[in-house]
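Chemist: Pasting a structure here, questions to come.
There are 2 protein chains.
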Amino acid sequence: MGIDRLDGRLLELLAEEPRIGVLELSRRLGVARGTAQARLDRLTSGGVIRGFGPEVDPAALGYPVTAFATLEIKQGQGADVRAHLATVPEVLELHTTTGSGDMLCRLVARSNADLQRVIDRVVGIEGIVRASTAIVMENPVPLRVIPLVRQAATE
Amino acid sequence: MGIDRLDGRLLELLAEEPRIGVLELSRRLGVARGTAQARLDRLTSGGVIRGFGPEVDPAALGYPVTAFATLEIKQGQGADVRAHLATVPEVLELHTTTGSGDMLCRLVARSNADLQRVIDRVVGIEGIVRASTAIVMENPVPLRVIPLVRQAATE
DNA sequence: GGTTCCACTGGGCAATCTGTTCAGTGGAAG
DNA sequence: CTTCCACTGAACAGATTGCCCAGTGGAACC
Numbered sequence: 001m002g003i004d005r006l007d008g009r010l011l012e013l014l015a016e017e018p019r020i021g022v023l024e025l026s027r028r029l030g031v032a033r034g035t036a037q038a039r040l041d042r043l044t045s046g047g048v049i050r051g052f053g054p055e056v057d058p059a060a061l062g063y064p065v066t067a068f069a070t071l072e073i074k075q076g077q078g079a080d081v082r083a084h085l086a087t088v089p090e091v092l093e094l095h096t097t098t099g100s101g102d103m104l105c106r107l108v109a110r111s112n113a114d115l116q117r118v119i120d121r122v123v124g125i126e127g128i129v130r131a132s133t134a135i136v137m138e139n140p141v142p143l144r145v146i147p148l149v150r151q152a153a154t155e
Numbered sequence: 001m002g003i004d005r006l007d008g009r010l011l012e013l014l015a016e017e018p019r020i021g022v023l024e025l026s027r028r029l030g031v032a033r034g035t036a037q038a039r040l041d042r043l044t045s046g047g048v049i050r051g052f053g054p055e056v057d058p059a060a061l062g063y064p065v066t067a068f069a070t071l072e073i074k075q076g077q078g079a080d081v082r083a084h085l086a087t088v089p090e091v092l093e094l095h096t097t098t099g100s101g102d103m104l105c106r107l108v109a110r111s112n113a114d115l116q117r118v119i120d121r122v123v124g125i126e127g128i129v130r131a132s133t134a135i136v137m138e139n140p141v142p143l144r145v146i147p148l149v150r151q152a153a154t155e
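Quick note, the sequences are listed as chains A and B, same order. Numbering (the UniProt record's numbering) for the first sequence: 1 to 155. Numbering (the UniProt record's numbering) for the second sequence: 1 to 155.
Written out as structure tokens, the structure is:
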């Protein structure tokens with residue numbers, strides 16, 4: 001797409017106070033309402049803003065344990081494994097990757113003990129040769145995009 | 001916290017159409033506006049809803065390559081490395097983990113070639129013994145929470 | 001120089017939503 | 001039988017939204 005400084009500031013404002021409306025946005029940016037509206041529309045239809053989903057904290061839902069599992073898949077079974085993993089609610093995210101593992105997935109569980117259950121369920125399908133799991137202890141940098149936005153807007 | 005079916009449906013609705021207001025929410029849930037309002041407030045102040053940040057797509061910003069890097073850290077250098085990584089815009093997320101690696105971070109880059117630059121910058125600090133990177137090819141399950149919400153609400 | 005295009009401004013309008021308050025209902029707990 | 005609590009349904013003023021329009025200024029093009 002292409003993002004200029006105004007778009008960048010708009011995204012920052014939205015990130016800080018997501019529930020503010022277009023009017024308030026335009027006031028803080030110092031532009032006319034129509035402009036803020038237009039920029040927002042452009043960012044949304046251009047795919048830069050994918051949505052405004054509520055960010056749900058799994059920990060607050062009773063799933064305080066996060067882990068990443070690297071899965072090694074038997075040749076040709078990828079599709080089955082993908083479909084299987086998609087049915088497991090505790091699988092929050094799944095990627096296929098290059099490198100020694102073939103897939104990487106983010107899991108949550110109610111406890112370390114419960115993680116065992118989740119992993120059993122994850123690997124409970126033909127096609128997974130090996131799984132190695134890393135439990136998350138700390139999350140020094142939670143998922144963020146603003147620094148990237150700032151960089152994309154400045155260049 | 002604790003989530004009942006109504007909270008669950010509310011979160012689902014919000015996930016589908018995040019810009020709808022409380023009034024519309026209450027209509028679709030078939031409850032009074034005050035109720036929807038109260039539920040939403042409870043979820044927000046209870047930490048279940050962390051926010052409504054705009055979800056920015058790095059790909060649309062010009063960063064279509066995603067990778068996960070596993071970092072092995074020299075004893076006692078953790079804090080320095082964390083601080084360093086926090087300054088790199090292309091580091092979207094950072095976790096400290098158990099297992100063979102000590103940290104796992106999510107990176108984005110403008111291209112595979114650009115990824116080299118990012119990784120050089122990431123490892124350009126004392127304290128990182130080894131880094132192994134897996135480039136993401138596909139993302140069969142993008143970050144999601146709704147299935148988990150549904151499970152938490154049903155039990 | 002003259003013309004066209006485009007983003008932006010600033011304004012106005014009706015319709016809608018928000019924040020807030022209030023009285024009343026029904027179920028659960030004591 | 002009483003208290004508590006979540007929910008309902010309604011009301012109100014004030015703010016916001018979606019929409020439309022005329023005017024301005026800069027950049028690109030002829």
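Beta carbons: idealized from backbone N, C-alpha and C, even for Gly.
How many angstroms separate the CA atom of residue 127 of chain B from the CA atom of residue 144 of chain A?
Modeler: Your numbering for residue 127 of chain B matches position 127 in the second sequence. Your numbering for residue 144 of chain A matches position 144 in the first sequence. Approximately 24 Å between the Cα atoms of the pair.
Chemist: Which residues share a DSSP beta bridge with residue 20 of chain B?
Modeler: For the purposes of this step, residue 20 of chain B is taken as residue 20 along the second sequence, with counting starting at 1. BP columns for residue 20 of chain B are empty, so no partner.
Chemist: Taking the runs of the alpha helix (DSSP H) that are 4 residues or longer, which of them lie wholly in the UniProt domain "HTH asnC-type" (3 to 64) of chain A?
Modeler: Entirely contained in the UniProt domain "HTH asnC-type" (3 to 64) of chain A, the alpha helix (DSSP H) runs reaching 4 residues are, in chain order, 5 to 16, 22 to 29, 33 to 45.
Chemist: In chain order, which alpha helix (DSSP H) runs of at least 4 residues are fully inside the stretch 103 to 131 of chain A?
Modeler: Listed in chain order, the complete alpha helix (DSSP H) runs (minimum 4 residues) inside the stretch 103 to 131 of chain A are 112 to 123.
Chemist: When you compare the CB positions of residue 19 of chain B and residue 26 of chain B, do they come within less than 8 Å of one another, or not?
Modeler: For the purposes of this step, residue 19 of chain B is taken as the residue at position 19 of the second sequence. For the purposes of this step, residue 26 of chain B is taken as the residue at position 26 of the second sequence. In this structure, residue 26 of chain B does not lie closer than 8 Å to residue 19 of chain B by Cβ.
Chemist: So what does DSSP say about residue 149 of chain A, is it helix, strand or coil?
Modeler: As a position in the first sequence, residue 149 of chain A is number 149, starting the count at 1. Three-state DSSP puts residue 149 of chain A in a helix.
Chemist: Going by DSSP, which residues form a beta bridge with residue 93 of chain A?
Modeler: Here residue 93 of chain A corresponds to residue number 93 of the first sequence, with the count starting at 1. According to DSSP, which records beta bridges pairwise, residue 93 of chain A is partnered with A/106.
Chemist: Quick one, are the C-beta atoms of residue 156 of chain B and residue 102 of chain B less than 8 Å apart?
Modeler: No information on residue 156 of chain B is available, as it lies outside the stretch 1 to 155 that chain B covers here.
Chemist: Apart from the five residues on each side of it in sequence, which residues of its chain come closer than 7 Å, Cβ to Cβ, to residue 153 of chain B?
Modeler: One-based indexing of the second sequence puts residue 153 of chain B at position 153. The answer, listed in chain order, is 3, 4, 5, 7, 8.
Chemist: Considering Cα atoms alone, identify which of A/95, A/12, A/35, A/109 is closest to residue 149 of chain B.
Modeler: Residue numbering aside, residue 149 of chain B sits at position 149 when the second sequence is read from its first letter. Nearest option by C-alpha distance: A/109.
Chemist: Could you run through the UniProt domain "HTH asnC-type" (3 to 64) of chain A and flag, in chain order, every residue whose CB is less than 7 Å away from some CB of chain B?
Modeler: Within the UniProt domain "HTH asnC-type" (3 to 64) of chain A, the qualifying residues are 3, 11, 14, 15, 18, 19, 46, 47, 48, 49, 50, 51, 52, 53, 54, 55, 56, 57, 58, 60, 61, 62, 63.
Chemist: Buried or exposed: residue 87 of chain B, going by 16 or more other Cβ atoms within 10 Å of its Cβ?
Modeler: For the purposes of this step, residue 87 of chain B is taken as residue 87 along the second sequence, with counting starting at 1. Result: exposed.
Chemist: Below 8 Å CB to CB, which residues in the same chain sit around residue 22 of chain B once its five sequence neighbours on both sides are set aside?
Modeler: On the second sequence, residue 22 of chain B is found 22 positions in, with the first residue counted as 1. 33, 36, 37, 40, listed in sequence order.
Chemist: What does the alpha-carbon distance come out to for the pair residue 60 of chain B and residue 50 of chain A?
Modeler: Here the question's residue 60 of chain B lines up with position 60 in the second sequence. Here the question's residue 50 of chain A lines up with position 50 in the first sequence. One C-alpha to the other measures close to 9 Å.
Chemist: Quick one, are the C-beta atoms of residue 55 of chain A and residue 142 of chain B less than 8 Å apart?
Modeler: For the purposes of this step, residue 55 of chain A is taken as the residue at position 55 of the first sequence. For the purposes of this step, residue 142 of chain B is taken as the residue at position 142 of the second sequence. No, the pair does not count as a contact, with Cβ atoms beyond the cut-off.
Chemist: State the CB to CB distance for the pair residue 97 of chain A and residue 104 of chain A, rounded to an integer number of angstroms; the pair is presumed to be in contact (CB under 8 Å).
Modeler: Your numbering for residue 97 of chain A matches position 97 in the first sequence. Your numbering for residue 104 of chain A matches position 104 in the first sequence. Rounded, the Cβ-Cβ distance is 5 Å, consistent with contact.
Chemist: At a Cβ cut of 7 Å, what residues of the stretch 76 to 107 of chain A count as close to chain B, listed as they run along the chain?
Modeler: Under the 7 Å Cβ criterion, the stretch 76 to 107 of chain A contributes 82, 85, 86, 89, 90, 91, 92, 93, 94, 95, 96, 97, 98, 99, 101, 104.
Chemist: Run down chain A in chain order and give the residues with a C-beta less than 8 Å from the C-beta of residue 138 of chain B.
Modeler: Locating residue 138 of chain B in the second sequence gives position 138, where the first residue counts as 1. In chain order: 95, 96.
Chemist: What three-state label does DSSP hand residue 66 of chain B in the structure shown?
Modeler: Within the second sequence, the letter at position 66 stands for residue 66 of chain B. The answer is strand: DSSP assigns residue 66 of chain B an E or B state.
Chemist: To the nearest angstrom, how far is the alpha carbon of residue 155 of chain B from that of residue 62 of chain A?
Modeler: Position 155 of the second sequence, counted from the first residue, corresponds to residue 155 of chain B. Position 62 of the first sequence, counted from the first residue, corresponds to residue 62 of chain A. Straight-line Cα distance between these residues: approximately 12 Å.
Chemist: Closer than 7 Å by beta-carbon distance: list the chain B residues that pair up with residue 141 of chain A, in chain order.
Modeler: Position 141 of the first sequence, counted from the start, is the residue given in the question as residue 141 of chain A. Ordered by position in chain B, the residues that pass the 7 Å Cβ test against residue 141 of chain A are 85, 86, 91, 93, 94.
Chemist: What is the rounded straight-line gap between the Cα of residue 114 of chain B and the Cα of residue 65 of chain A?
Modeler: Taking the first residue of the second sequence as 1, we reach residue 114 of chain B at position 114. Taking the first residue of the first sequence as 1, we reach residue 65 of chain A at position 65. Approximately 33 Å, taken between the alpha carbons.
Chemist: Could you check if residue 76 of chain A is buried or exposed, using at least 16 other CB atoms within 10 Å of its CB as the buried criterion?
Modeler: Numbered from 1 along the first sequence, position 76 holds the residue referred to as residue 76 of chain A. Per the 10 Å Cβ criterion, exposed.
Chemist: The alpha helix (DSSP H) that contains residue 82 of chain B, what's its start and end?
Modeler: For the purposes of this step, residue 82 of chain B is taken as the residue at position 82 of the second sequence. Segment 78 to 86, the alpha helix (DSSP H) holding residue 82 of chain B.
Chemist: Can you look up residue 133 of chain B in the DSSP assignment and give me helix, strand or coil?
Modeler: Numbered from 1 along the second sequence, position 133 holds the residue referred to as residue 133 of chain B. Strand, per DSSP.
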